[in-house]
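Working notes for the structure below.
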Amino acid sequence: MSKKYTITTPIYYVNSVPHIGTATTTLLSDVQARFQRLTGKEVHFMTGTDENAIKVLEAAEKAGKPTLEFVDNIADDFQKIWKEFKISFDDFIRTTEPRHHKGVYRLFNIIKENGYIYQDKYEGWYDVSSETFYKESDLVDGKSPDGNEVRWVSEENWFFKLSAFEQPILDHIKKNPDFIVPENRKNEVISFINQGLRDVCITRKSQGWGIQLEDDSAKVFYVWFDALINYLVSCGWPDSADWTDKWPAATQWMGKDILTRFHATMWPAMLMAAKLPLPKQMIGHGWLLIGGEKISKSKGNVVAPVELAKYLSEVSGCSYLLAIDAVRYYMAICMPFENDVVFTEEDFFARYNSDLANDIGNVLNRTLTMVHKFSEGTIPDAKIDAEAIDYISNCKKEYQHHIDNSRIDLAAKIMLNCSRWLNKYIDTKAPWALAKEVSIELNAVLRTMVYMLRNIEGFILSIAPDTASIIAKQLKLDAIKNWNEVGTEALAPINHTVGSPEPMFPRLDLKEMKKNLKESSKEDKKIEKQNKKDVKKEDDGSNAGLIDIKHFAEVKLRIGTIELAEDLEGSDKLLRLEVNVGDAKKQILAGIKNKYNPEALIGKQVVVVANLKPAKLRGHLSEGMLLAATDKDGSAVLIHPAKEMETGSEVR
RNA sequence: GGCGACGUAGCUCAGUUGGUUAGAGCGAACGGUUCAUACCCGUUAGGUCAUCAGUUCAAGUCUGAUCGUCGCUACCA
73 MSKKYTITTP IYYVNSVPHI GTATTTLLSD VQARFQRLTG KEVHFMTGTD ENAIKVLEAA
133 EKAGKPTLEF VDNIADDFQK IWKEFKISFD DFIRTTEPRH HKGVYRLFNI IKENGYIYQD
193 KYEGWYDVSS ETFYKESDLV DGKSPDGNEV RWVSEENWFF KLSAFEQPIL DHIKKNPDFI
253 VPENRKNEVI SFINQGLRDV CITRKSQGWG IQLEDDSAKV FYVWFDALIN YLVSCGWPDS
313 ADWTDKWPAA TQWMGKDILT RFHATMWPAM LMAAKLPLPK QMIGHGWLLI GGEKISKSKG
373 NVVAPVELAK YLSEVSGCSY LLAIDAVRYY MAICMPFEND VVFTEEDFFA RYNSDLANDI
433 GNVLNRTLTM VHKFSEGTIP DAKIDAEAID YISNCKKEYQ HHIDNSRIDL AAKIMLNCSR
493 WLNKYIDTKA PWALAKEVSI ELNAVLRTMV YMLRNIEGFI LSIAPDTASI IAKQLKLDAI
553 KNWNEVGTEA LAPINHTVGS PEPMFPRLDL KEMKKNLKES SKEDKKIEKQ NKKDVKKEDD
613 GSNAGLIDIK HFAEVKLRIG TIELAEDLEG SDKLLRLEVN VGDAKKQILA GIKNKYNPEA
673 LIGKQVVVVA NLKPAKLRGH LSEGMLLAAT DKDGSAVLIH PAKEMETGSE VR
């Protein structure tokens, strides 16, 4: 069995349908997959859904559906939408499938046997009302993301010895410069690992959802540990005989957000711990940020690619299939690589007009018309311009190079440049002028035009498959099926009769659309204006840096009496204080250990910010703060009232 | 607080190891053309490369500071 070219997308959370972000990743990988197939490679292109997150439970509950049914539905939706979006995946893996569970168990056991898994106490914040564990970073102002109270809980769990792989991963990155792209992301990963990796807790107390441990049904695997394994499972690991043909993957695609922490550290570590090969390349591309004003009825920040295509089809009159291609093309040519790219619907429609309607669509149209007018509809018997053959031969090389390097945007630009080249070629040669007298050159020009068009077909095929097939169809020629065909003269067969032109991408009336936009977004603008006004009122520039008194009034300052002070265990800066502020006692952690003895503080009065949101420091809750002046050396000097005050007195 | 990224034309973005007059596409203006989807081709306008200072013969590029946006992180109270 020959080695396959494996391309992966992340598996996506099932609490929402595909949006512009997931669609971008998926589309870019699809272009690569389609291209590699075109070159004759056997491709294993996989995507899927991550269904074991605890959040799924809540989402299902909200939807009023049994959890299993809920995830089934969403997984179906994903597949439907991806198919509509022409994603040519070979495998769609769901982490609720038995094959995935089997893989997770196997990998866990292998890593355990290899000595990289151990049992220890897991401590974390536990949200009782939603029965969910939260990481420290998940907490919002000391509460769960839903605003529920959390409490500190510790329980026995399994840990993965991630810390053992700091150096091995760094070494691997160094030895394989293309392992992580782009460069700036690679640097981020390196500096992240250099900060030190902590072992990760890979099991949780079961909430009734997730993959239960084989010998302990009260526990489930941490979702990221389970999810990453899907890549292996999709390749047939561990039991299928041919999994080594598919793994390691050639390219693992993802957005930059899940690269550093998971794919570039935890995942390689897991593979190393199991003595499995690492993927050849991971790409953490930037985001397609949503900005500007929205023309369509899409709500909020979620622009569904399929909805966008539907809307484009409505307003432009182009077929739905080609409208999907337009979205695909846009995402391809705007691919965010190192940096994020701003997406606006206005920009999308402008690009549709300039690139697809005016350039590519129009050049097909004028070529066909000319072949009909000047050559009775048949490709004349003439030599293709050597200039064109040269040009295409270069483009072909570059195009392949770019796709192999995952630069879908640059590849798309080559295609667009071919169309520009052809437009310029036509203008320079002016076939309509040549046609006025008998001319051999006219025939060569006409055949060259068709030849160029066919190469554009070849270049756009992986990006916008139906656009390619329509080009072939209007020329009444068999569609390109292999990359070898690109650049050959056989693409424009002599004496072949072409079909009649029909606009693929009808031009949009952007001015008209802008008018509509203005009306539809009047409301939004009003709100925006109001907001701006409010900001201006408070800060009109002349008062830069000054605040309104009402902002100050929001801060509740009280005289508090320190009733208890002690060192905080494990901290060399913080003291733990209990401060009476009149109506309540508050635990406050203060970073004043280097200046104050705890004993000397007891009984002292201080100024306390009484309505500060609690925060957790060093694992302990701090419910307020003491006012202190900053000394020359940067240390804190507490502020005391000038005379003994009643505890709880207001400070103004 | 720490680490990091970013700030380049009206808009969206390129600018390799510092090296002439800072680029592209879109948009705009003007001209040309008529095969074409009011399209295409050409020309032009438009930039204190966030600000300030420094290194250098030479800085968008290197260094430091400042401002702004964003991300991660912390023993920030």
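In terms of the working numbering, the first sequence opens at residue 73 and continues consecutively. Note that beta-carbon positions come from the ideal geometry of N, C-alpha and C, so glycine has one too.
{"Query": "Anyone know if the C-beta pair for G327 and G120 falls short of 8 Å?", "Result": "no"}
{"Query": "Quickly, what does DSSP pair L698 with across the bridge? List them, please.", "Result": "V680"}
{"Query": "From C467, I245, Q191, pick the residue whose C-alpha is nearest to that of V272; which is it?", "Result": "Q191"}
{"Query": "Ignore the nearest five residues each way along the sequence and tell me which others in T78's own chain have a CB closer than 6 Å to its CB.", "Result": "H116, K318, A321, A322"}
{"Query": "Select from L242, T439, K76, A454 the residue whose C-alpha is nearest the C-alpha of N495.", "Result": "T439"}
{"Query": "Report yes or no: do the region 249-259 and the region 349-356 share at least 3 C-beta pairs separated by less than 8 Å?", "Result": "yes"}
{"Query": "Buried or exposed for K291, going by 16 or more other Cβ atoms inside 10 Å?", "Result": "buried"}
{"Query": "Within the region 240-307, note down every full alpha helix (DSSP H) run reaching 4 residues or more, in order along the chain.", "Result": "255-266, 295-300, 302-306"}
{"Query": "Check whether the region 475-494 touches the region 393-410, taking contact to mean three or more Cβ pairs, one atom from each stretch, closer than 8 Å.", "Result": "yes"}
{"Query": "Only counting runs of 4 or more residues, tell me where the alpha helix (DSSP H) segments fall wholly within the region 303-359, in order along the chain.", "Result": "315-318, 339-345"}
{"Query": "Should G112 be labelled buried (16 or more other beta-carbon atoms within 10 Å of its own) or exposed?", "Result": "exposed"}
{"Query": "Measure the Cβ-Cβ separation of I153 and P240 and say whether it is below 8 Å.", "Result": "no"}
{"Query": "Are the beta-carbon atoms belonging to L698 and I660 less than 8 Å from one another?", "Result": "yes"}
{"Query": "Helix, strand or coil for N229, going by three-state DSSP, please let me know.", "Result": "strand"}
{"Query": "Touching or not, the region 566-577 and the region 544-555, by the rule of three or more beta carbon pairs under 8 Å?", "Result": "yes"}
{"Query": "Answer yes if the region 393-402 comes into contact with the region 519-530, meaning at least three C-beta pairs across the two stretches below 8 Å, and no otherwise.", "Result": "no"}
{"Query": "Who are the near neighbours of F577 in its chain, counting only those whose CB is closer than 8 Å to its CB and skipping five residues on each side?", "Result": "S388, C390, L394, A398, Y424, L428, A429, I432, G433"}
{"Query": "Return the bridge partner residues of E650 from the DSSP annotation.", "Result": "L636, Q659"}
{"Query": "Work out the CA separation of I464 and N515 for me, nearest whole Å.", "Result": "20 Å"}
{"Query": "Mind reading off the beta-carbon distance from M338 to L234? Whole number of angstroms is fine, and I expect it under 8 Å.", "Result": "6 Å"}
{"Query": "Nearest-angstrom Cα distance between M717 and D655?", "Result": "15 Å"}
{"Query": "Note down the Cα distance separating F420 from L361, rounded to an integer number of angstroms.", "Result": "13 Å"}
{"Query": "When the Cα atoms are used, what is the spatial distance from G282 to S101?", "Result": "28 Å"}
{"Query": "Could you give the DSSP three-state label for R690: helix, strand or coil?", "Result": "coil"}
{"Query": "In the DSSP assignment, the beta strand (DSSP E) including A132 goes from what residue to what residue?", "Result": "It is not in any beta strand (DSSP E) - A132 instead sits in the alpha helix (DSSP H) that spans 127-135."}
{"Query": "Scan the region 538-594 and note each continuous alpha helix (DSSP H) run of 4 residues or more that stays entirely inside, going in chain order.", "Result": "582-592"}
{"Query": "Hey, could you find the ends of the beta strand (DSSP E) I473 is sitting in?", "Result": "The sequence as given places His at residue 473; Ile does not occur at that position. Not the beta strand (DSSP E): H473 falls in the alpha helix (DSSP H), residues 458-476."}
{"Query": "Locate the alpha helix (DSSP H) running through A395, then write down its first and last residues.", "Result": "392-405"}
{"Query": "Let me make sure I understand the geometry here. Which of N666, A637, E286 has the alpha-carbon closest to that of D644?", "Result": "N666"}
{"Query": "To which residues does DSSP link D192 through a beta bridge?", "Result": "N229"}
{"Query": "Between the region 295-309 and the region 174-187, are three or more C-beta pairs nearer than 8 Å?", "Result": "yes"}
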